[in-house]
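In this note's numbering, the protein residues as written are 84 to 231. Glycine residues also receive a C-beta, built at the ideal position from the N, C-alpha and C atoms. In what follows, a structure is listed as structure tokens, so that the remarks can point back to it.
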């Protein structure tokens with residue numbers, strides 16, 4: 084048997100092997116099917132992602148994630164940070180609820196908006212019908228060349 088070349092298609096090696104060890108060559112050059120090995124890397128990635136997501140969820144999952152070192156507890160802000168923060172904020176902090184009363188619009192305002200939208204719809208339909216009619220005209224006939 085000849086040594087397999089270091090470079091080149093695998094089918095050449097299988098072809099050489101068949102020529103030396105068999106009297107007939109099969110239809111396919113690879114005589115056996117090699118099963119693909121399942122790697123544990125995808126499973127490891129999924130488990131690590133689940134554990135990190137559990138660290139954000141809170142509750143028992145957070146305790147497990149903290150024990151594994153994948154989650155942390157928030158720390159108290161440093162004194163210079165607390166001093167630089169304004170006492171009254173102009174924004175709604177994350178996690179708070181808005182307790183202001185939103186004034187309700189009267190029903191007459193909604194009726195007015197509905198009438199305006201209906202008028203706009205009718206105007207748009209008329210413009211569309213006009214464009215459809217203008218687009219339906221037959222194309223002009225080609226120019227007739229004079230004959231001398």
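How about residue i and residue j: are their beta carbons less than 7 Å apart?
{"i": "residue 154", "j": "residue 148", "result": "yes"}
Would DSSP call residue i helix, strand or coil?
{"i": "residue 147", "result": "helix"}
{"i": "residue 123", "result": "coil"}
{"i": "residue 194", "result": "helix"}
{"i": "residue 218", "result": "helix"}
{"i": "residue 152", "result": "coil"}
{"i": "residue 130", "result": "helix"}
Which residues in the same chain have their Cβ closer than 8 Å to the Cβ of residue i, if we skip the five residues on either side of it in sequence?
{"i": "residue 181", "result": "175"}
In whole angstroms, give me the CA-to-CA distance for residue i and residue j.
{"i": "residue 146", "j": "residue 158", "result": "16 Å"}
{"i": "residue 204", "j": "residue 130", "result": "55 Å"}
{"i": "residue 156", "j": "residue 123", "result": "31 Å"}
{"i": "residue 209", "j": "residue 128", "result": "59 Å"}
{"i": "residue 169", "j": "residue 192", "result": "40 Å"}
{"i": "residue 199", "j": "residue 207", "result": "12 Å"}
{"i": "residue 214", "j": "residue 227", "result": "29 Å"}
{"i": "residue 230", "j": "residue 221", "result": "27 Å"}
Going by beta carbon distance, what residues of the same chain come within less than 7 Å of residue i, once the five residues before and after it are set aside?
{"i": "residue 173", "result": "none"}
{"i": "residue 177", "result": "none"}
Enumerate in chain order the residues of its own chain whose CB-to-CB distance from residue i is below 6 Å, with the five nearest sequence positions on each side excluded.
{"i": "residue 184", "result": "none"}
{"i": "residue 189", "result": "none"}
{"i": "residue 196", "result": "none"}
Discussion item. My parser needs the alpha helix (DSSP H) runs of 4 or more residues fully inside the segment 161-215; what are they?
Written reply: 162-167
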